[in-house]
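Asks: Residue numbers (this note's numbering), protein chains in the order written: chain D, 203 to 548; chain W, 203 to 548. Built from N, CA and C at the ideal position, the CB exists for glycine as well. The following block contains the structure, expressed as structure tokens.
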């Protein structure tokens, strides 16, 4: 929570003063943003392109734990997860709206921290904050973000366009965010059982950053543009590789075969997995929150893709009716199961 | 809550099956909706018009009380409050996204009721549901809706366009939704103190409907179009007339003078106010949730507006620097104060 000197209860401000306080320094970046915060609705001048809309809700205790997630990071991440969905359409996000529900425990200064993170993401990704809603909540913090973007019709990448023999590719590396979460949970348990214990985070920077300050792959969409690559299908990896792969296969009416040895896993992720006695592969397949892109391209692009170091080819698309398979390093063949983020499971 | 025979826990379904169950019967109404539910984001084909975006969050215990709000009505209202914001720009809503956070106490059948209300509003107002997010919540129900619409540039009505001498107009009548809420709260208290008491709702249909099943003024936007009326400023009345009037005056850099005798209050609202020993005027000024439109037009339109029975002229715009005043029926002059929905107050 905020470490500022002053703690101003939100009730001292009231809704309108709070909104003004949190949004008065906005400088709009896009000419297409005609009207931002401050009216019944925002107004956008559409380009000749298609408009892309996506929305995500983050709830305290479900999507984040404020005992170890700083509010500034939370604000940043709330934006990133939405931008990632826009990039996953091979589109460019331009605007967001942000709605928050806050309980009385939050101070004005704490909300300023949250919005600092939101604005930091907006600056980095060239996004206008154009509206939202601010309300009180009985219990904890709710954040709902909607992102608006645009794309050329012939560049849009849906989940349903994968074709037999297409290469299956992922960006960056997988499983890190999940391992970061396991580390945070472990240190929280240690701290809860003995508040004098100092959490041990040294040397774990990479996986902590993957969990606490994820980035969306704007650079990949720019790389596609530069290299004239249009994926046949694409999805962002928020729920783990298995679950996302099955979405693409189900919606494209195809199957897939991937290879364990090809799945990119960072050394820091592997080390943490070993420490916790977990298979690193499991964190990549079922972990989630990496916000990397999973996509397919025609096999003719093999050479071009191989030259791009940000991208790994992990397998290929097969005929519908075949099993969705992963070939392990040991040569065993296993079916891919959806064990993603079981939001309502168990 | 649901009165269905079966009660299926949400956990029996899991996220993806639940989303499928709630959205599989959607039939898209607009050609401009290229891609609805089912991908990382929705895709819209913009017309040559401006795009309008607005969003609102409804939280259990703050915006609604499930002890007396049926879920179907809640779903309906969650859509209406957003459409109302689009109409308040003199624009036509076309699409919505809906995100919900639900705790374990909700059954699949209960959520079906909620979505039945959402779809009922979509059908009545010609809206496509194009996306959203479904997640579990630790505490109660959160609903976040984003509405997308379009408008001709020269017809857009902002809050900041009111000019000196403009007529101040409102649609329908005011205070009913607030009186409906008071009635529901009273009967809840009676029921809580003696569960054998049957709530008395006979003869209160009008104010109950105003609270539980509000409508957005699509008809007024069509009336404007038909009569070639473009308001100089407009806002929807969600927080009470006082608060909305002050928004228009502050943003337009003007003041206002209105007349109590001109403020439209339904007989049923007056009767409930008398019964509860409340000034009916107070429910109109400070009540909120009527979702009527407050707007200004040039004085030259006086005759035209007078002919439209859905609209009341309640006063006029005066020079900035003058006080914002209401002249009571008794001839007393009182300043208009913002006592709207104090979301964080007290």
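Going along chain B in order, which residues have a C-beta closer than 8 Å to the C-beta of residue 332 of chain D?
Replies: Of the chains in the structure shown, none is chain B; the protein chains are D and W.
Asks: Look at the alpha carbon of residue 236 of chain W and the alpha carbon of residue 421 of chain D, and state the distance between them as a whole number of angstroms.
Replies: Residue 236 of chain W sits at position 34 when you count from the first residue of the second chain. Residue 421 of chain D sits at position 219 when you count from the first residue of the first chain. Using only the alpha carbons, I get a separation of about 26 Å.
Asks: Compare the Cα-Cα distances from residue 337 of chain D to each of D/350, D/326 and D/301 and report the closest residue.
Replies: On the first chain, residue 337 of chain D is found 135 positions in, with the first residue counted as 1. The option with the nearest alpha carbon to residue 337 of chain D is D/301.
Asks: Output yes if chain W places a C-beta closer than 8 Å to the C-beta of residue 360 of chain D; else output no.
Replies: Position 158 of the first chain holds residue 360 of chain D. Yes, contact with chain W.
Asks: Any Cβ of chain D within less than 8 Å of the Cβ of residue 419 of chain W?
Replies: Here residue 419 of chain W refers to the residue found at position 217 when the second chain is read from its first residue. Not closer than 8 Å to any Cβ of chain D, the Cβ of residue 419 of chain W fails to qualify, so no.
Asks: Between residue 427 of chain W and chain D, is there a C-beta pair that is closer than 8 Å?
Replies: For the purposes of this step, residue 427 of chain W is identified with residue 225 of the second chain, where counting begins at 1. Not an interface residue.
Asks: Does any CB atom of chain D fall closer than 8 Å to the CB of residue 431 of chain W?
Replies: To locate residue 431 of chain W, count along the second chain from 1; it is residue 229. Not one chain D Cβ lies under 8 Å of residue 431 of chain W.
Asks: By alpha-carbon positions, which one of D/312, D/281 and D/361 ends up nearest to residue 328 of chain D?
Replies: Taking the first residue of the first chain as position 1, residue 328 of chain D is located at position 126. Of D/312, D/281 and D/361, the residue nearest in Cα terms is D/281.
Asks: Out of curiosity, what's the CA-to-CA distance linking residue 334 of chain D and residue 457 of chain W?
Replies: Taking the first residue of the first chain as position 1, residue 334 of chain D is located at position 132. Taking the first residue of the second chain as position 1, residue 457 of chain W is located at position 255. Straight-line Cα distance between these residues: approximately 27 Å.
Asks: Restricting to Cα atoms, I'd like to know which of D/381, D/407, D/346 and D/286 is closest to residue 184 of chain D.
Replies: Given a span of 203 to 548 for chain D in the structure shown, any question on residue 184 of chain D remains unanswerable.
Asks: Kindly list the residues whose CB is nearer than 8 Å to the CB of residue 504 of chain D, restricted to its own chain and excluding five residues on each side of it in sequence; keep chain order.
Replies: In the first chain, the residue the question calls residue 504 of chain D occupies position 302. Answer for residue 504 of chain D: 369 and 515, listed in chain order.
Asks: Use the C-beta contact count for residue 265 of chain W: other C-beta atoms within 10 angstroms, 16 or more gives buried, fewer gives exposed.
Replies: What you label residue 265 of chain W is simply residue 63 of the second chain in a count that begins at 1. Label assigned to residue 265 of chain W: buried.
Asks: Can you confirm whether residue 337 of chain W, when its beta carbon is compared against all beta carbons of chain D, has any partner nearer than 8 Å?
Replies: Indexing the second chain from 1 puts residue 337 of chain W at position 135. It does; some Cβ of chain D falls within 8 Å.
Asks: Let me check understanding here. Comparing Cα to Cα, which of D/467, D/388 and D/461 lies closest to residue 412 of chain D?
Replies: Your numbering for residue 412 of chain D matches position 210 in the first chain. Closest by alpha carbon: D/467.
Asks: Taking the alpha carbon of residue 414 of chain W as the reference point, which residue from W/478, W/219, W/306 and W/274 has its own alpha carbon closest?
Replies: One-based indexing of the second chain puts residue 414 of chain W at position 212. Ranking W/478, W/219, W/306 and W/274 by Cα distance to residue 414 of chain W puts W/274 first.
Asks: How many Å lie between residue 276 of chain D and residue 366 of chain W at the Cα?
Replies: The residue labelled residue 276 of chain D in the question sits at position 74 within the first chain. The residue labelled residue 366 of chain W in the question sits at position 164 within the second chain. Their backbone Cα atoms lie some 45 Å apart in a straight line.
Asks: Does residue 410 of chain D get closer than 8 Å to chain W when you measure Cβ to Cβ?
Replies: Translated into the one-based positions of the first chain, residue 410 of chain D becomes position 208. It does not; no Cβ of chain W falls within 8 Å.
Asks: Along the chain, where does the beta strand (DSSP E) that runs through residue 537 of chain W open and close?
Replies: Mapped onto the second chain, residue 537 of chain W falls at position 335. First-last of the beta strand (DSSP E) with residue 537 of chain W: 535-537.
Asks: Is the separation between the beta-carbon of residue 555 of chain W and that of residue 371 of chain W shorter than 8 Å?
Replies: Residue 555 of chain W cannot be examined here, being either before or after the span of chain W that is shown, 203 to 548.
Asks: Please go through the same chain and pick out, in chain order, the residues whose beta-carbon is closer than 7 Å to the beta-carbon of residue 215 of chain W, but skip the five residues on each side of it.
Replies: On the second chain, residue 215 of chain W is found 13 positions in, with the first residue counted as 1. Taking C-beta separations shorter than 7 Å and ignoring five residues to either side along the sequence, the partners of residue 215 of chain W in its chain run 223 and 310, following chain order.
Asks: On a CA-only basis, which of W/518, W/498 and W/258 is nearest residue 292 of chain W? Give me that one, please.
Replies: Position 90 of the second chain, counted from the start, is the residue given in the question as residue 292 of chain W. Considering only alpha carbons, the answer is W/498.
Asks: With distance defined between alpha-carbon atoms, name the residue in W/209, W/441 and W/495 nearest to residue 561 of chain D.
Replies: Nothing can be reported for residue 561 of chain D: it is not among the residues displayed for chain D, which extend from 203 to 548.
Asks: By a C-beta neighbour count over all protein chains shown, 10 Å radius and 16 as the cutoff for buried, is residue 356 of chain W buried or exposed?
Replies: The residue given as residue 356 of chain W occupies position 154 in the second chain. Its Cβ having fewer than 16 others within 10 Å, residue 356 of chain W is exposed.
Asks: Write down every uninterrupted run of the alpha helix (DSSP H) in the region 416-451 of chain D whose length is 4 residues or greater and which is fully enclosed by it, in chain order.
Replies: Taking only runs of at least 4 residues, the alpha helix (DSSP H) segments lying wholly in the region 416-451 of chain D are 420-428.
Asks: With a threshold of 16 other CB atoms inside 10 Å of the CB of residue 518 of chain D, please say whether the residue is buried or exposed.
Replies: On the first chain, residue 518 of chain D is found 316 positions in, with the first residue counted as 1. Result: buried.
Asks: Pick out the complete beta strand (DSSP E) segments inside the region 319-370 of chain W, 3 residues or longer, and give them in chain order.
Replies: 330-338 and 344-353
Asks: In the DSSP output, what is residue 495 of chain D paired with across the bridge?
Replies: Mapped onto the first chain, residue 495 of chain D falls at position 293. Its beta-bridge partners are D/438.
Asks: According to DSSP, what are the bridge partners of residue 459 of chain W?
Replies: For the purposes of this step, residue 459 of chain W is identified with residue 257 of the second chain, where counting begins at 1. Paired residue(s): W/518 and W/527.
Asks: Return the residue from the list D/493, D/472, D/495 and D/271 that minimises the CA-CA distance to residue 484 of chain D.
Replies: Reading the first chain from its first residue, position 282 is the one you call residue 484 of chain D. When each option's Cα is compared against that of residue 484 of chain D, the closest is D/472.
Asks: Are the CB atoms of residue 349 of chain D and residue 261 of chain D nearer to each other than 8 Å?
Replies: In the first chain, residue 349 of chain D corresponds to position 147, counting from 1. In the first chain, residue 261 of chain D corresponds to position 59, counting from 1. No. Outside cutoff.
Asks: Below 7 Å CB to CB, which residues in the same chain sit around residue 522 of chain D once its five sequence neighbours on both sides are set aside?
Replies: The residue labelled residue 522 of chain D in the question sits at position 320 within the first chain. Contacts found: 455, 456 and 457.
Asks: What residue range is occupied by the uninterrupted alpha helix (DSSP H) comprising residue 287 of chain W?
Replies: Residue numbering aside, residue 287 of chain W sits at position 85 when the second chain is read from its first letter. Element bounds for residue 287 of chain W: 273-289.
Asks: For residue 263 of chain W and residue 303 of chain D, what's the separation of their Cα atoms in angstroms?
Replies: The count along the second chain starts at 1 and reaches residue 263 of chain W at position 61. The count along the first chain starts at 1 and reaches residue 303 of chain D at position 101. Roughly 12 Å separates the two Cα atoms.
Asks: Assuming residue 288 of chain W and residue 244 of chain D make a contact with CB atoms under 8 Å, what is their CB distance in whole Å?
Replies: Numbered from its first residue, the second chain carries residue 288 of chain W at position 86. Numbered from its first residue, the first chain carries residue 244 of chain D at position 42. Not quite, the Cβ-Cβ distance comes to about 11 Å (not below 8 Å), so this is no contact.
Asks: If residue 269 of chain W sits next to residue 390 of chain W, beta carbons under 8 Å apart, how far is it from one beta carbon to the other, in whole angstroms?
Replies: Taking the first residue of the second chain as position 1, residue 269 of chain W is located at position 67. Taking the first residue of the second chain as position 1, residue 390 of chain W is located at position 188. The pair is a contact, with the Cβ atoms about 6 Å apart (cut-off 8 Å).
Asks: Going by DSSP in three states, residue 300 of chain W sits in which element: helix, strand or coil?
Replies: Position 98 of the second chain, counting from 1, holds the residue named residue 300 of chain W. If DSSP states are grouped into helix, strand and coil, residue 300 of chain W belongs with the strands.
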